[in-house]
Amino acid sequence: MRLALGLALAPLALVGTAQAADQVAVMADACAGCHGTDGHSIGGMPGFSGKKPEELKKVLHDFKSGAREATVMDRIAKAYSVEQLDAIADYFASRKK
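Structure (structure tokens):
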């Protein structure tokens, strides 16, 4: 019985994972206006595709906490949870340079 229930519910876990990945992609799209598509900067602002996730997370967390000053990024980072910032950092770290 448990096996049947587990097998019946397994596709829902995949849907949840796909939806979470889609949500991260949507959040990351908000960065494109300044940092370029998939973090490939076209100049002016730093690009961050292919950087180490720990490096990106530190920068985003520093913006959120106010440890790193910025004109706009500190306010943007404060709008996201730490988990969302980590997911965004992982997303850009997975993009090719």
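To convert, take the position in the sequence shown, counting from 1, and add 113; that gives my numbering.
No residue lacks a Cβ here, since even glycine has one placed at the ideal position from N, Cα and C.
Remember, it's a predicted structure, so these values are computed and weren't measured experimentally.
| request: For the stretch 172 to 182 and the stretch 138 to 155, state whether three or more C-beta atom pairs, one from each stretch, are separated by less than 8 angstroms. | output: no
| request: Flag this pair as yes or no: are the beta carbons of His148 and Pro159 separated by less than 9 angstroms? | output: Remark: C-beta atoms of His148 and Pro159 approach each other more closely than 9 angstroms.
| How long is the line joining the alpha carbons of Leu198 and Lys171, rounded to whole angstroms? | 10 angstroms
| message | I'd like the list of long-range same chain contacts for Asp203, defined as Cβ closer than 6 angstroms, with 5 residues on each side in sequence excluded. | response | Pro166
| task | Can you have a look at Asp135 and say buried or exposed, based on whether 16 or more other CB atoms are within 10 angstroms of its CB? | result | exposed
| said: Excluding the 5 residues flanking Ala190 on each side, which residues of the same chain have their C-beta closer than 6 angstroms to its C-beta? | reply: Leu173, Phe176, Lys177
| Top-ranked residue by Cα proximity to Val195, from Lys209, Ala206, Leu169, Val185 | Leu169
| query | What are the complete alpha helix (DSSP H) segments, minimum 4 residues, inside the stretch 147 to 182? | reply | 166 to 178
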